[in-house]
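Rendered as structure tokens:
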């Protein structure tokens, strides 16, 4: 499962529509959910109902650890939600994935915890507070919801993430408001935002560079593990 259109495009050249099952290599499939835990939970339920043998999330994350740089791949051993519930990833699935990526020369940070937040952590202060409270290395918004469904359905769960914004990067809320739930810029809204706040133009090159690094890492990972071991794969039961 992925939340953003750009994450889906790292996995496949096919046209990807939101909230639809998209076949990938082998017995794998992809679902574009949109951002946030509620959308992710609905997607995971739909995938499980479709006969998933395993659920996984694939995409970008924000750094909470100051040592993580944009483009760094993460394969967490656990996912934590905002209420402190901890979900472990499947060690066999994740180990197989890490081995495939390592054989392709792609370093992966493992043995860490990923926090799933119900809102974007937009400032360095918010990221530092989350790191201090949860001892998590990175943050996304979807993985805990998917992990919860996997646990409820007794399915293995895995996640692969690439760091986009670093710990000290700020994400202006005005710019966040100019994208839709699938991460696509809404040009009229973006133009209006920049017209009212022209100083935000200076932030765009840094944000674009961070996303480019993360997407390149995701594409490399998808190329290295395109089959049943792909981290975002829905392994469907054969009929």
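In our numbering, the protein residues as written are -10 to 228.
Even for Gly, the Cβ is constructed at its ideal location relative to N, Cα and C.
Within its chain, find whatever has a CB closer than 7 Å to the CB of residue i; leave out the 5 residues flanking it on each side and keep chain order.
i: residue 110; result: 51, 116, 119, 128
Tell me, please, which residues DSSP counts as bridged to residue i.
i: residue 231; result: Outside the displayed span of the chain (-10 to 228) sits residue 231, for which this structure offers no information.
i: residue 12; result: 18
i: residue 99; result: 64
i: residue 113; result: In DSSP, residue 113 forms no bridge with anything.
i: residue 129; result: 105
Can you list, in chain order, the residues of its chain with a C-beta nearer than 6 Å to that of residue i? Leave out the 5 residues immediately preceding and following it.
i: residue 101; result: 65, 126
i: residue 199; result: 59, 153, 154
i: residue 147; result: 45, 78, 79, 82, 83, 220
i: residue 173; result: -6
i: residue 134; result: 26, 29, 30
i: residue 240; result: Given that the chain is displayed from residue -10 to residue 228, the structure contains no residue 240 and the question cannot be resolved.
i: residue 170; result: 23, 24
i: residue 207; result: -1, 151
i: residue 211; result: -1, 0
i: residue 182; result: 163, 167
i: residue 67; result: 75, 77, 102
Thinking C-alpha only, which one of the options is nearest residue i?
i: residue 150; options: 167, 132, 159, 160; result: 132
i: residue 41; options: 47, 114, 176, 139; result: 139
i: residue 190; options: 161, 10, 210; result: 161
i: residue 86; options: 76, 74, 75, 99; result: 99
i: residue 37; options: 145, 71, 164, 182; result: 145
i: residue 213; options: 89, 194, 2, 63; result: 89
i: residue 71; options: 130, 192, 3; result: 130
i: residue 112; options: 3, 163, 18; result: 163
i: residue 193; options: 3, 159, 91; result: 159
i: residue 196; options: 157, 178, 21; result: 157
i: residue 32; options: 57, 9, 17; result: 9
Cα separation between residue i and residue j?
i: residue 187; j: residue 167; result: 14 Å
i: residue -9; j: residue 54; result: 23 Å
i: residue -4; j: residue 39; result: 22 Å
i: residue 13; j: residue 185; result: 43 Å
i: residue 136; j: residue 142; result: 10 Å
i: residue 239; j: residue 91; result: This structure cannot settle anything about residue 239, because the visible part of the chain is limited to -10 through 228.
i: residue 2; j: residue 205; result: 14 Å
i: residue 19; j: residue 11; result: 5 Å
i: residue 47; j: residue 201; result: 16 Å
i: residue 56; j: residue 107; result: 24 Å
i: residue 179; j: residue 97; result: 34 Å
i: residue 4; j: residue 177; result: 24 Å
i: residue 17; j: residue 114; result: 39 Å
CB-CB under 8 Å to residue i, same chain, minus the five flanking residues each way: which ones, in chain order?
i: residue 209; result: 93, 95
i: residue 203; result: 49, 59, 60, 151, 152, 153
i: residue 69; result: 75, 76, 102, 103, 104, 105, 123, 125, 133
i: residue 34; result: 138
i: residue 175; result: 167, 168, 169
i: residue 165; result: 109, 111
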